[in-house]
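K.L.:
In the working numbering, the protein residues as written are 38 to 103.
Ideal Cβ placement from N, Cα and C applies to all residues, glycine included.
This one's a predicted model, so the numbers in the text were calculated from it and none came from an experiment.
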Amino acid sequence: MILDKEKRIQLNVRIAQETSQKLDEIVNYYQENTKLGRVYKADVLTDIIEKSYDIMNKQKQMQKKF
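Spelled out as structure tokens, the structure:
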């Protein structure tokens, strides 16, 4: 999950305070339930995006079969 070796870009986004609090809670969950050491928001967001992307592609493949 940690992306030290990959090229990174910076994203500047505005999100609702409630969304930010949810992200903090998710980061804390990852921190408590993984053995990766320090967990950063960027790593959690990357993980969430990658998983969502995989799900989206699987759904697209299922739609093509019908």
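Does the contact criterion of 3 or more C-beta pairs under 8 Å hold for the stretch 64-72 versus the stretch 47-54?
P.N.:
Output reads no: the stretch 47-54 does not touch the stretch 64-72.
K.L.:
Would you mind giving the Cβ-Cβ distance between Lys88 and Leu60, rounded to the nearest angstrom? I have them listed as a contact below 8 Å.
P.N.:
Actually they do not touch by this definition, with Cβ atoms about 15 Å apart.
K.L.:
Could you pull out every unbroken alpha helix (DSSP H) segment of at least 4 residues lying fully inside the stretch 45-100, listed in chain order?
P.N.:
Runs of the alpha helix (DSSP H) inside the stretch 45-100: 54-70.
K.L.:
Using 9 Å as the threshold, is the C-beta distance between Val81 and Ile92 below it?
P.N.:
No; because the gap between Cβ atoms is not below 9 Å, this pair is not in contact.
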